[in-house]
Amino acid sequence: MNTKFTYPVSYLLAIFSLFLIVISCNTNKKEKTDPQPPVAYENTKENKDDCNCSSSWFPHAQTPPPEEGKGSPFDTTSTTNCIFQQWAWQKFLWLTKPEGKKTVFENKLIQVSSLMIPVQPQLGQSLVLGDIHQAGSSGILKTNSQFNSSIQKSDTVYYSIHIDDTLKIAADYFKNAILEEIIPRNNSETFPVGSLELKVSWVKTSAIPADKLSEYYQTKAAIYENNKYTVQDVALLGMHVVGVVINHPEFIWATFEHNDMAPNYDWKTNTVSSTDEKLIFGKGNTSSINGIIWSGNQPKELNKAFTLFELGVPRTQGNDFMETSQKEPENYDNITKINSCVHSKLEDIWKNYFYNGGLWINTDGLSPKKQADTIRNLADTISHATKGSIARGSLNLANLTMETYTQTFQSDVHKINAGNLVNCFVCHNSENFNEDNAKSPLYLSHIFNGYLEHSTGKTLEEVNTLKTKEFNELFIQKE
Numbered sequence: 020m021n022t023k024f025t026y027p028v029s030y031l032l033a034i035f036s037l038f039l040i041v042i043s044c045n046t047n048k049k050e051k052t053d054p055q056p057p058v059a060y061e062n063t064k065e066n067k068d069d070c071n072c073s074s075s076w077f078p079h080a081q082t083p084p085p086e087e088g089k090g091s092p093f094d095t096t097s098t099t100n101c102i103f104q105q106w107a108w109q110k111f112l113w114l115t116k117p118e119g120k121k122t123v124f125e126n127k128l129i130q131v132s133s134l135m136i137p138v139q140p141q142l143g144q145s146l147v148l149g150d151i152h153q154a155g156s157s158g159i160l161k162t163n164s165q166f167n168s169s170i171q172k173s174d175t176v177y178y179s180i181h182i183d184d185t186l187k188i189a190a191d192y193f194k195n196a197i198l199e200e201i202i203p204r205n206n207s208e209t210f211p212v213g214s215l216e217l218k219v220s221w222v223k224t225s226a227i228p229a230d231k232l233s234e235y236y237q238t239k240a241a242i243y244e245n246n247k248y249t250v251q252d253v254a255l256l257g258m259h260v261v262g263v264v265i266n267h268p269e270f271i272w273a274t275f276e277h278n279d280m281a282p283n284y285d286w287k288t289n290t291v292s293s294t295d296e297k298l299i300f301g302k303g304n305t306s307s308i309n310g311i312i313w314s315g316n317q318p319k320e321l322n323k324a325f326t327l328f329e330l331g332v333p334r335t336q337g338n339d340f341m342e343t344s345q346k347e348p349e350n351y352d353n354i355t356k357i358n359s360c361v362h363s364k365l366e367d368i369w370k371n372y373f374y375n376g377g378l379w380i381n382t383d384g385l386s387p388k389k390q391a392d393t394i395r396n397l398a399d400t401i402s403h404a405t406k407g408s409i410a411r412g413s414l415n416l417a418n419l420t421m422e423t424y425t426q427t428f429q430s431d432v433h434k435i436n437a438g439n440l441v442n443c444f445v446c447h448n449s450e451n452f453n454e455d456n457a458k459s460p461l462y463l464s465h466i467f468n469g470y471l472e473h474s475t476g477k478t479l480e481e482v483n484t485l486k487t488k489e490f491n492e493l494f495i496q497k498e
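Heads up: the sequence shown is residues 20 to 498, going by the numbering used here.
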């Protein structure tokens with residue numbers, strides 16, 4: 020498709036020059052010609068012997084951003100599982116660090132739509148909420164009306180997307196370069212180190228009992244409903260932290276959640292239960308997975324949403340660790356240890372949130388070109404979790420509030436195995452939304468993909484139709 024734009028070559032060159040400056044600013048200036056051994060986040064015995072947090076991260080008001088470029092723990096040909104877990108927690112702590120009356124992510128990042136269009140403030144509020152659809156599904160998550168028994172009303176969960184300047188500048192350059200045919204749609208380009216995307220889930224504070232509100236991070240937002248904006252108090256439920264570090268152009272996909280929204284599936288008894296009302300799980304128990312299966316215009320079982328795999332680590336019937344491409348229980352234990360370490364040191368509201376796991380691929384020993392070519396060539400098979408595959412970390416990773424209804428494509432837990440596990444890479448892969456099936460590491464970012472398609476003239480509805488078509492094809496294939 021040859022779509023002509025009015026951008027002159029001088030404009031593209033200026034953007035590219037700025038893009039190169041951003042790349043250089045997001046890497047360590049210490050020159051190295053060869054990869055170096057992993058660098059501990061802090062040179063203490065606790066971090067050498069175990070997957071713990073660093074004392075340099077605390078107090079939370081002073082958490083520095085993690086190192087990600089040259090000289091960072093990822094600047095090596097042999098990574099450890101732990102450095103990914105440490106990056107995830109430190110990045111989250113830095114993003115949620117208090118900055119005035121808000122947080123770093125609210126002040127420093129740009130809120131955008133699913134088409135990467137900057138969201139304009141409404142009614143004096145910088146946080147604007149209107150998106151209610153689940154990732155990869157038509158499902159809409161609603162809270163348990165009995166959680167706040169004083170009003171007995173179910174509320175809708177909303178989502179916001181935020182990106183940093185590094186990603187935005189790179190996306191502008193790559194979008195223009197592709198549309199001007201400076202680079203082809205099929206390409207091996209990658210986003211620079213430091214590129215960052217967040218997806219955050221929110222609910223009105225009215226969904227939460229007054230005696231529990233102090234356990235949630237709260238702010239104000241302009242919410243679009245009933246064809247108008249109103250200012251509402253909202254509470255943060257979950258956050259995807261998705262960022263590029265050196266040698267990992269596939270992004271590290273990490274996710275965080277509030278610690279008291281719903282129970283985990285018990286793989287010993289094949290049941291899920293709670294003795295009290297939870298935000299999205301009603302008091303009682305269930306022996307099916309219908310609470311996380313969307314059907315028609317609602318889940319098959321109301322108010323019974325739960326986490327299928329604790330920390331995203333696959334289990335078998337009987338609760339053994341599933342044999343996959345990721346060694347266990349190392350990954351599970353590392354997440355558990357670092358969660359415990361951070362919680363023991365946090366003293367603010369964020370002690371009520373936990374790290375639910377991360378996902379990446381094994382790029383050890385690969386050159387940057389080989390890393391990009393591997394992502395491009397694997398396409399949707401990058402998500403494979405069978406023994407010998409390159410996916411690493413929590414191989415059935417999902418955020419309870421964002422992938423509620425896509426934690427599995429199976430209709431029964433007895434059908435789940437290493438060959439049909441679901442994680443971020445099932446949908447976030449190198450194949451674009453368009454019917455030309457072009458491939459590039461850039462298309463791992465759905466908002467960049469949407470930005471590109473929208474820039475060719477497609478409406479939001481048309482872009483969403485392409486997304487749905489891709490999801491349905493994947494769903495049918497996996498099912």
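All C-beta atoms in this analysis are idealised placements derived from N, C-alpha and C, irrespective of residue type, glycine included.
Handout entry: DSSP three-state assignment for G331, whether helix, strand or coil
Key = Taking the sequence shown and counting its residues from 1, the one referred to as residue 331 is at position 312. Helix, per DSSP.
Exercise for the section: Kindly indicate which three-state DSSP category L479 falls into: helix, strand or coil? Expected result: Within the sequence shown, the letter at position 460 stands for residue 479. The answer is helix: DSSP assigns L479 an H, G or I state.
Practice task
Report the residue from V432, L461, S74 and W113 whose alpha carbon sits nearest the alpha carbon of T288.
Solution key: Locating residue 288 in the sequence shown gives position 269, counting from the first residue. Comparing Cα-Cα distances from T288 to each of V432, L461, S74 and W113, the minimum goes to V432.
Exercise for the section: Quick one: grab the DSSP three-state call for Q104. Expected result: Residue mapping note: residue 104 aligns to position 85 of the sequence shown, counting from 1. Q104 falls in the helix class under three-state DSSP.
Exercise for the section: Please report how far the alpha carbon of L160 lies from the alpha carbon of N167, in whole angstroms. Expected result: Here residue 160 corresponds to residue number 141 of the sequence shown, with the count starting at 1. Here residue 167 corresponds to residue number 148 of the sequence shown, with the count starting at 1. Approximately 16 Å between the Cα atoms of the pair.
Exercise for the section: Reducing DSSP to helix, strand and coil, say where G438 ends up. Expected result: Position 419 of the sequence shown, counting from 1, holds the residue named residue 438. G438 sits in a helix when the DSSP states are folded into three classes.
Exercise for the section: Would you kindly report the start and end of the unbroken alpha helix (DSSP H) that includes K239? Expected result: Indexing the sequence shown from 1 puts residue 239 at position 220. Per DSSP, K239 belongs to no alpha helix (DSSP H); it is in the beta strand (DSSP E), Q237 to E244.
Practice task
List the endpoints of the continuous beta strand (DSSP E) containing K223.
Solution key: By 1-based counting over the sequence shown, the position of residue 223 is 204. It spans L215 to K223 - the beta strand (DSSP E) in which K223 sits, taken as one unbroken run.
Exercise for the section: Tell me where the beta strand (DSSP E) around A273 begins and ends. Expected result: The count along the sequence shown starts at 1 and reaches residue 273 at position 254. First-last of the beta strand (DSSP E) with A273: H267 to H277.
Exercise for the section: Can you say whether D383 is buried or exposed, counting buried as having 16 or more other CB atoms within 10 angstroms of its CB? Expected result: Here the question's residue 383 lines up with position 364 in the sequence shown. By the 10 Å Cβ count, D383 comes out exposed.
Exercise for the section: Could you pull out every unbroken alpha helix (DSSP H) segment of at least 4 residues lying fully inside the segment 375-406, listed in chain order? Expected result: 387-397
Exercise for the section: Give me whichever residues DSSP pairs with L148 in a beta bridge. Expected result: Here residue 148 refers to the residue found at position 129 of the sequence shown. Answer is I242.
Problem - Beta-bridge pairing of Q153 - partner residues as DSSP gives them - result: Here residue 153 refers to the residue found at position 134 of the sequence shown. Partner(s): none; Q153 has no beta bridge.
Problem - Between the CA atoms of L128 and D184 - distance to the nearest angstrom - result: As a first step, residue 184 is located in the sequence shown; it is residue number 165 there, counting from the start. As a first step, residue 128 is located in the sequence shown; it is residue number 109 there, counting from the start. A straight-line Cα-Cα distance of about 7 Å links D184 and L128.
Practice task
Kindly confirm or deny that the segment 273-282 and the segment 463-482 touch, where touching means at least three C-beta pairs closer than 8 Å.
Solution key: no
Problem - CA-to-CA distance, P387 to H403, given in whole angstroms - result: For this step, residue 403 is matched to residue 384 along the sequence shown. For this step, residue 387 is matched to residue 368 along the sequence shown. Those two C-alpha atoms are separated by around 22 Å.
Handout entry: Straight-line Cα distance separating Q104 from N375
Key = Reading the sequence shown from its first residue, position 356 is the one you call residue 375. Reading the sequence shown from its first residue, position 85 is the one you call residue 104. Their Cα atoms are separated by approximately 10 Å.
Problem - Rounded separation between I151 and G158 - CA only - result: Within the sequence shown, the letter at position 132 stands for residue 151. Within the sequence shown, the letter at position 139 stands for residue 158. Approximately 9 Å, taken between the alpha carbons.
Handout entry: Three-way DSSP call (helix, strand, coil) for H285 in this model
Key = Here residue 285 corresponds to residue number 266 of the sequence shown, with the count starting at 1. At residue 285 the sequence reads Asp, which differs from the His that was named. Strand.
Exercise for the section: Excluding the 5 residues preceding and the 5 following N448 in the sequence, name in chain order all residues of the same chain whose CB lies nearer than 6 Å to its CB. Expected result: Taking the sequence shown and counting its residues from 1, the one referred to as residue 448 is at position 429. Around N448: A398, D399 and I401.
Problem - Coil, strand or helix - L232 by DSSP - result: Position 213 of the sequence shown holds residue 232. If DSSP states are grouped into helix, strand and coil, L232 belongs with the helices.
Problem - Inter-stretch contact at 8 Å, needing at least 3 Cβ pairs: the segment 244-259 / the segment 218-233 - result: yes
Problem - Whole-angstrom distance between H259 and A154, CA atom to CA atom - result: Residue mapping note: residue 154 aligns to position 135 of the sequence shown, counting from 1. Residue mapping note: residue 259 aligns to position 240 of the sequence shown, counting from 1. So the alpha carbons of these two residues sit roughly 12 Å apart.
Practice task
Report yes if the C-beta distance between I271 and D94 is below 7 Å; otherwise report no.
Solution key: As a first step, residue 271 is located in the sequence shown; it is residue number 252 there, counting from the start. As a first step, residue 94 is located in the sequence shown; it is residue number 75 there, counting from the start. No, the pair does not count as a contact, with Cβ atoms beyond the cut-off.
Practice task
Count the other C-beta atoms from every protein chain shown that fall within 10 angstroms of the C-beta of S214, then say buried if there are 16 or more, exposed otherwise.
Solution key: For the purposes of this step, residue 214 is identified with residue 195 of the sequence shown, where counting begins at 1. It is buried - the Cβ of S214 has at least 16 other Cβ atoms within 10 Å.
Practice task
Taking 7 Å as the cut-off, decide whether the C-beta atoms of P427 and I435 are in contact.
Solution key: For the purposes of this step, residue 427 is taken as the residue at position 408 of the sequence shown. For the purposes of this step, residue 435 is taken as the residue at position 416 of the sequence shown. Note on identity: in this sequence residue 427 is Thr, with Pro being the wrong assignment. Contact flag set, yes.
Exercise for the section: May I ask which residues mark the beginning and end of the alpha helix (DSSP H) holding G469? Expected result: What you label residue 469 is simply residue 450 of the sequence shown in a count that begins at 1. Residues H465 to S474.
Practice task
Could you pull out every residue in the same chain whose Cβ sits closer than 7 Å to the Cβ of G412, ignoring the five residues on either side in sequence?
Solution key: Here residue 412 corresponds to residue number 393 of the sequence shown, with the count starting at 1. Within its own chain, the residues whose Cβ lies closer than 7 Å to the Cβ of G412, once the five positions on either side in sequence are excluded, are F103, Q345, N350, G376, G377, L378 and W379, listed in chain order.
Problem - Span of the alpha helix (DSSP H), counted from its first residue to its last, around K247 - result: Within the sequence shown, the letter at position 228 stands for residue 247. Unbroken run through K247 is the beta strand (DSSP E), K247 to V264; no alpha helix (DSSP H).
Handout entry: Contact under 7 Å by Cβ, W113 with T82
Key = Numbered from its first residue, the sequence shown carries residue 113 at position 94. Numbered from its first residue, the sequence shown carries residue 82 at position 63. Yes, the Cβ-Cβ distance between W113 and T82 is below 7 Å.
Exercise for the section: Return the CA-CA distance between T305 and G331, expressed in angstroms with no decimal places. Expected result: What you label residue 305 is simply residue 286 of the sequence shown in a count that begins at 1. What you label residue 331 is simply residue 312 of the sequence shown in a count that begins at 1. Roughly 20 Å separates the two Cα atoms.
Problem - C-alpha distance - K187 paired with S156, whole-angstrom precision - result: As a working mapping, residue 187 is identified with position 168 in the sequence shown. As a working mapping, residue 156 is identified with position 137 in the sequence shown. Rounded to the nearest angstrom, the two C-alpha atoms are 26 Å apart.
Handout entry: Backbone CA spacing between G3 and W108 [nearest angstrom]
Key = Only positions 20 to 498 of the chain appear in this structure, which leaves residue 3 out of reach.
Handout entry: Residues bridged to T305 (per DSSP)
Key = Against the sequence shown, residue 305 aligns to sequence position 286. Residue pairing of T305 in beta bridges, as defined by DSSP: V291.
Handout entry: Test item: CB-CB of R204 and A457 under 7 Å
Key = Position 185 of the sequence shown, counted from the start, is the residue given in the question as residue 204. Position 438 of the sequence shown, counted from the start, is the residue given in the question as residue 457. In contact: R204 and A457 (Cβ atoms closer than 7 Å).
Handout entry: Of the listed residues N371, K486, S464 and T487, nearest to L217 (C-alpha basis)
Key = Residue mapping note: residue 217 aligns to position 198 of the sequence shown, counting from 1. It is S464.
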